[in-house]
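Residue numbers (this note's numbering): 85 to 441. Beneath this line is the structure, given in C-alpha cells, with notes to follow.
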Amino acid sequence: MNATIVLLPGDGIGPEVVAQAELVLKRIAEKFGHSFSFTSHDIGGIAIDKTGNPLPDETLAACRAADAILLGAVGGPKWDDPNASTRPEVGLLKIRKELGLFANLRPIKANAALVDASPLKRQIVENVDILFIRELTGGLYFGKATKLTNDDGSETAINEMIYSTHEVERVVRVAADAAMKRNKRLVSVDKANVLEVSRLWRKTATRVIEKEYPEIKLEHILVDAMAMHLISRPGTFDVVVTENLFGDILTDEGSMLPGSMGLLPSAALSSSGPGLYEPIHGSAPDIAGKGIANPLATILASAMLLRHSLSLETEAAAIEAAVDGVLANGHRTKDIAAGGPSVSTTEMGQFVLDALA
Ligand code: NAD
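In C-alpha cells:
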C-alpha cells in the first residue's frame, strides 16, 4: 500500500515522541512491503513563533491532502500569556473543525505488566478494555456563548448545548461499527432524565442501533451513574459512546484506570477525509529536551492510524504486540518505572523496533 502520512510534532516532547513513532511506521512499511511517505509540518507554539498562526495554511493544506496525520502535542509556558492574540490550542481546535473530525476514539486498556501502577485495585482494573467514542465537534463547546450584565451589575453567562439528529447518528454509527468488530455491546451515555438534548440523543441512538445494527446489545446509562460504574466495574464495558462534554470528563476519568497516561493513544475521525492520531498526554514542558519522555502512547497512536485510516489491522496488531512484549520484558521509561531503573525515549523506541524485527 502507498500512503502519505503528515507528521505534526508540535511542541515540548511532541517532536521527541513523534520521531520514535515515525521510525516504527518505517519499520512496519519495510516489514510488510508498504510505501509510506512522510512530511513534517508546524502546529501550535512552534507555528506561532514562525508564522504568528498556530495552524498555518500550508500545514492545513498538507493535512487535507494526506491519508492520515500523526500529532505529538501542542502548548507550553512560553505561549501561556493570557493577553496573547492566539494560543497553540487554537491550532488543534481549528484542525479538528476544518477536517470535520467529529469522532474521538480513546481506547483504555489495562496492560498486564503495569496494572499495579493503577490507583485502583488490581482485580478491578486488570480486565479493562474499553473503547470510548466521544463526539468532538458539537454540544456545549461549540454552542453559542453569551455573557450578559444584569441591572444590578451582576453577570449571567449562557452556553448552549446543541445536537441535531445527524450529528448523533454519525457518531453512533462510528461506535456501532467499532462494536461490531469487538463484542457487539454498546453503552450510550446521556442525561436523558434532565436534558432535552439527551432525550434526542437517546431516541436517535436507539433508532440507529435497532434499525441498522440489530445484533448489537445497546444499553443507556446516565452520565452520573457512569462516573461511578467506571470506577466500580470498568472491566464490564466494551464500547461506550457519548457527547462532547460528558466524553471529555469520562475519558479523563478513564485515563487513570491503566495507571499511566504515557501509554494512551487517541484518534479523531471524520466521515471521509484523513484521521488525526495523537497521544492523550500534552507537551510535558517539565521534561521536554531531557530525552526521557515515554514514546509508547504515540507509537500506539501510530497503530491506531494503521488500523483506522489505512485498514492495516495485522500491522496495527503487530505494533501493539511489540509494545506489550517490551513492557512484559520489564523495560520502563521514567514515568512508569516507579523509581526503578529506566530507559530513555530513544532506547524505548529501539526496544519496540527490535520487537518488530
Ligand atoms: P501533560 O500531559 O503535558 O503533562 C502532565 C504530566 O505528565 C507531566 O508531569 C509530564 O511530564 C507527564 N507526562 C506527560 N506525557 C508524558 C510522557 N509521554 N512521558 C513521560 N511523562 C509524561 O499535561 P500538562 O502539564 O497539563 O500540560 C502541558 C502543556 O500541554 C500545556 O500547554 C497544555 O495546554 C498542553 N496540552 C496539550 C495537549 C495536546 O496537544 N493534545 C493535551 C493536553 C495538554
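Cβ coordinates follow ideal geometry from the N, Cα and C atoms, glycine included. Model, not experiment: these values are computed from the prediction.
Mind checking whether residue i and residue j have CB atoms under 8 Å apart?
i	j	result
Ile-293	Leu-270	yes
Gly-366	Gly-159	yes
Pro-342	Tyr-361	no
Val-410	Thr-417	no
Leu-394	Lys-115	no
Leu-220	Asn-243	no
Ala-150	Ile-89	yes
Leu-347	Leu-390	no
Ile-153	Pro-358	yes
Ser-355	Arg-254	yes
Gly-338	Asn-211	no
Leu-109	Gly-156	no
Thr-382	Ala-146	no
Ile-420	Ser-344	yes
Ala-259	Val-199	no
His-125	Glu-100	no
Ile-112	Glu-399	yes
Thr-326	Ala-377	no
Ile-300	Ala-263	yes
Val-436	Ala-401	no
Glu-239	Thr-233	yes
DSSP puts residue i in a beta bridge; with which residues?
i	result
Phe-122	Ile-89
Tyr-225	According to DSSP, Tyr-225 bridges with nothing at all.
Tyr-361	Leu-154, Ala-351
Thr-429	Per DSSP, none; premise fails for Thr-429.
Val-508	Lying outside 85 to 441, the shown extent of the chain, residue 508 is not represented and no answer is given.
Lys-115	Lys-115 pairs with nothing; no bridge assigned.
Thr-240	Leu-232
Thr-417	Val-427
Pro-191	Leu-215
Gly-94	Ala-157
What number of angstroms, rounded off, separates the C-alpha of residue i from the C-alpha of residue j?
i	j	result
Lys-287	Gly-175	34 Å
Glu-173	Phe-186	17 Å
Phe-216	Ile-192	7 Å
Asp-336	Pro-140	29 Å
Val-273	Pro-298	19 Å
Ala-352	Asp-235	44 Å
Pro-161	Ala-368	10 Å
Arg-266	Val-209	19 Å
Arg-206	Ala-197	11 Å
Ala-87	Asp-213	29 Å
Gly-136	Trp-163	11 Å
Ala-194	Phe-321	13 Å
Ser-119	Ala-387	16 Å
Asp-438	Ala-422	24 Å
Leu-384	Leu-329	25 Å
Tyr-247	Met-340	29 Å
Thr-249	His-392	25 Å
Arg-218	Ser-202	23 Å
Asp-261	Asn-167	44 Å
Gly-98	Leu-144	18 Å
Asp-165	Asp-133	14 Å
Phe-122	Ile-364	22 Å
Asp-308	Ser-282	13 Å
Gly-424	Asn-413	14 Å
Gly-237	Thr-170	30 Å
Ala-276	Trp-285	8 Å
Ile-403	Gly-184	28 Å
Asp-408	Lys-228	44 Å
Asn-188	Val-102	20 Å
Lys-374	Glu-431	13 Å
Met-85	Leu-396	9 Å
Met-245	Leu-314	24 Å
Lys-268	Arg-257	13 Å
Asp-370	Pro-138	21 Å
Quick one: measure Cβ to Cβ for residue i and residue j, integer angstroms, because I've assumed they're closer than 8 Å.
i	j	result
Gly-96	Ala-372	4 Å
Gly-222	Glu-182	16 Å between Cβ atoms; not a contact.
Gly-433	Leu-107	6 Å
Leu-302	Thr-290	7 Å
Leu-334	Met-312	Incorrect: roughly 11 Å between the Cβ atoms, too far for contact.
From the beta carbon of residue i, is the nearest beta carbon of chain C less than 8 Å away?
i	result
Met-340	Included in the structure is just one protein chain, with no chain C present.
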